[in-house]
Each structure stands twice: as structure tokens, then as C-alpha cells.
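Everything below concerns the one structure shown next.
Numbering (full-length UniProt numbering), first residue to last: 1 to 327.
Written out as C-alpha cells, the structure is:
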């Protein structure tokens, strides 16, 4: 995990003050994502062009430099630290960073992670989803576009478990985003390319590490999906994400990658939470859709009648399901 210098801390402090969600450094220019728009920082005062290039270089590890030299990208976590000198008094600021090249120049995008892990109540996560997260085994999926807050939702659920249950929780991510302080539970972290080779290997290896809960950053390929389902079928609670827009497309995405796992998926699926970020009253709010794996839903999955799942979701309010709101 890289650490930030004072110049970068000042930029992060400015971003937090303006309630930005992301920081972009492209061609020695700093810009912020504020709600649904991009705002460029004043290069004379907020982010002098003369220091931005060297500032970015100072954040690069040797491993990241080698990847960039080979034309690759690198996703890492950055420890910004405390911002007490900025009048914010914010502590333990962490970022998720993606370093890449544009026209031969090093660029980066940074997602500002919440300083404190929010509670499920503060995020207004549907109660039905919170309930299935207390099960001892099964598969739970959170879907949504990049930046929709999937990682924050999962971190919130894991922290709730941490405060109330005695569990061993293994987090497999690329990169590690949220660090939990052990309360009633203990956490192990496996970062891809640093602590383990890939998601598939890490999931199978975690089964030999006495886990109760396995949190997987993303199910990217057929091998990872099969490993996650195996873990869920063998007595573990597995929580992961997919880049799907809604609950039905999440099922379709998984089945498209694995035509032969309909029975296995139906046997272990607990539910799917889809989420999207919306702007309402000049604020970013999360809109949720929740599909619970009722016997009717499981039957539709087994029989490959995925096209009928949406109808069951729409009429499933009494069972705790929820459709997206019209904002």
C-alpha cells in the first residue's frame, strides 16, 4: 500500500471539502468528480502544474512503475493518513487508485473511500438483504456499475457482522479497499498479485484457512464463479460483486459464463442486491433492487427460465423483495 505526501494530502483535503467522490490527474491537470460533473482545480492555487507531475511520480511503487512501463495498468490502495492540518480533522483517509497511461503520460484516477464504514441503516440497505447476510452459508451477490458503491455496501455488512458475531472473515480483493478493526470477528486479507495470484486460486485456498465468511471483490470469470459456488455449497457465507445493472442481468451474466451451473447456483443463492447511484436534491443517493432466492426463484433458475424472474421480483414485495425506485 502506497503512502501519500503532503502535496497530495492537500489535494485530497480540497476534494473532501468539496464533497468530491473521485480525483483525476490527467496530463498534469487535477480534476474532481462532484455529483455528476467534472470540475478542474485551479492550477495556480489548488494544484500547481509544476508539482503535479512529480507528485504523481512520488505515489508510484516500483511494481507500479514496472507495470506501466509494460503498457499495463495497476490498481492499488493509497494511505493518505490524517488531514488534521487542513481544518477538516479527518483521520485515516484511504483511496482506491488506478494508474494508467494516456498518450504516453502517467495518469491516475482515485476513488475517495469513506473515512468511517457506514452502517446498513445509514446506507438504507433493504432489511431483507441485511437479514440474509446473517445466514451461515450461501451465496450473496451485489451488482451495479463501477462507482455505484458496491464495495461500501459489502464493507457495511461485514462491519455489522464484525460487531455482532464471532466469525473469521476472509476478504479477497484487487486492491484491498476497506480495513476493519477486529471486534467480535477476525479478518484476513488477500490482495490479488500481492498475497495471492488470482481470485480463483485465492478462493480455493481460503477454504483451507477455516473461514466462516469469504468476501470476494469481484467474480470476473467462470473459474472464480465456480469456486465461489463451491465455497457457498460447503458451508460458508460468500459475498461478492458483479458488474451487472440489475438482479436479472446478474443471473444471466453468471449463467452465460457457466451454462452448466444452474442447479448449483439455485441450491446456494440467498439473494442479489443491485444498486445504482442517482442525484436527488443535489445529493448522491443509492437506489436498490433486491431479489431474494425464494423457492419460486430457485425453480426458475433451475429450469433456466431467467426471463420470468423479473415478474416474480415485481410481485415479491411481501417476501421482502424490492424494485428500483423511480427517482
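Using N, Cα and C, we set each Cβ at its ideal position, and we do this for glycine too.
Owing to the predicted nature of the structure, the values given are computational and were not obtained by experimental measurement.
Pull up the distance between the alpha-carbon of residue 85 and that of residue 5, whole angstroms please. Indexing the chain shown from 1 puts residue 85 at position 85. Indexing the chain shown from 1 puts residue 5 at position 5. Here residue 85 scores only 49 on pLDDT, less than 50, and its place in the model is too uncertain to base an answer on.
On the DSSP bridge list, what partners appear for residue 303? Along the chain shown, read from residue 1 onward, the residue named residue 303 stands at position 303. Per DSSP, none; premise fails for residue 303.
Would you mind reading off the limits of the alpha helix (DSSP H) that contains residue 240? Position 240 of the chain shown holds residue 240. It is not in any alpha helix (DSSP H) - residue 240 instead sits in the beta strand (DSSP E) that spans 237 to 242.
Starting from residue 200, trace the alpha helix (DSSP H) both ways and give me its first and last residue. As a working mapping, residue 200 is identified with position 200 in the chain shown. That run of the alpha helix (DSSP H) goes 199 to 206.
Hey, residue 306 and residue 255 are a contact pair by Cβ (cut 8 Å); roughly how many whole angstroms apart? For the purposes of this step, residue 306 is taken as the residue at position 306 of the chain shown. For the purposes of this step, residue 255 is taken as the residue at position 255 of the chain shown. Contact flag correct, Cβ pair sits at about 7 Å.
Contacts around residue 313, its chain only, beta-carbon distance under 7 Å, and the 5 residues preceding and following it disregarded: Reading the chain shown from its first residue, position 313 is the one you call residue 313. 247, 291, 321, 323.
Report the rounded CA-to-CA distance for residue 106 versus residue 26, giving the unit in angstroms. The sequence position of residue 106 within the chain shown is 106, counting from 1. The sequence position of residue 26 within the chain shown is 26, counting from 1. Distance between the alpha carbons of residue 106 and residue 26: 8 Å.
Tell me residue 110's beta-bridge partners as DSSP assigns them. The residue you call residue 110 lines up with position 110 of the chain shown. Answer is 23, 97, bridged to residue 110.
Around the C-beta of residue 332, are 16 or more other C-beta atoms found within 10 angstroms, so that it is buried, or is it exposed? Outside the displayed range of the chain (1 to 327) lies residue 332, so it cannot be described from this structure.
According to DSSP, what are the bridge partners of residue 280? Working through the chain shown from its first residue, we reach residue 280 at position 280. Note: residue 280 sits in a beta bridge opposite 283.
The alpha helix (DSSP H) with residue 129 in it runs from where to where? The count along the chain shown starts at 1 and reaches residue 129 at position 129. It spans 127 to 132 - the alpha helix (DSSP H) in which residue 129 sits, taken as one unbroken run.
Could you check which residue in 202, 219, 218 has the C-alpha nearest to that of residue 330? What is shown of the chain runs 1 to 327, which leaves residue 330 out entirely.
Please determine, among 118, 126, 122, 128, the residue with the shortest C-alpha to C-alpha distance to residue 179. For the purposes of this step, residue 179 is taken as the residue at position 179 of the chain shown. Looking at the Cα atoms, 118 is the closest of the given residues.
For residue 71, which residues in the same chain have their Cβ closer than 8 Å to its Cβ, ignoring the five residues on either side in sequence? If you number the chain shown from 1, residue 71 lands on position 71. Within the same chain, residue 71 has close Cβ partners 101.
Would the beta-carbon of residue 123 fall within 7 Å of that of residue 156? Here residue 123 is taken as the residue at index 123 of the chain shown, counted from 1. Here residue 156 is taken as the residue at index 156 of the chain shown, counted from 1. In contact: residue 123 and residue 156 (Cβ atoms closer than 7 Å).
Just checking my contact of residue 280 with residue 258 at CB under 8 Å: how many whole Å lie between their CB atoms? Working through the chain shown from its first residue, we reach residue 280 at position 280. Working through the chain shown from its first residue, we reach residue 258 at position 258. Not quite, the Cβ-Cβ distance comes to about 37 Å (not below 8 Å), so this is no contact.
One or two residues paired with residue 196 in a DSSP bridge: In the chain shown, residue 196 corresponds to position 196, counting from 1. In the DSSP output, where bridge partners are listed per residue, residue 196 has 192.
Does the stretch 74 to 81 come into contact with the stretch 54 to 65, if we say contact requires no fewer than three beta-carbon pairs (one atom in each stretch) closer than 8 Å? yes
Endpoints, beta strand (DSSP E) assigned at residue 225: Along the chain shown, read from residue 1 onward, the residue named residue 225 stands at position 225. Looking at the DSSP string, residue 225 is not in any beta strand (DSSP E); the run it does join, the alpha helix (DSSP H), is 222 to 233.
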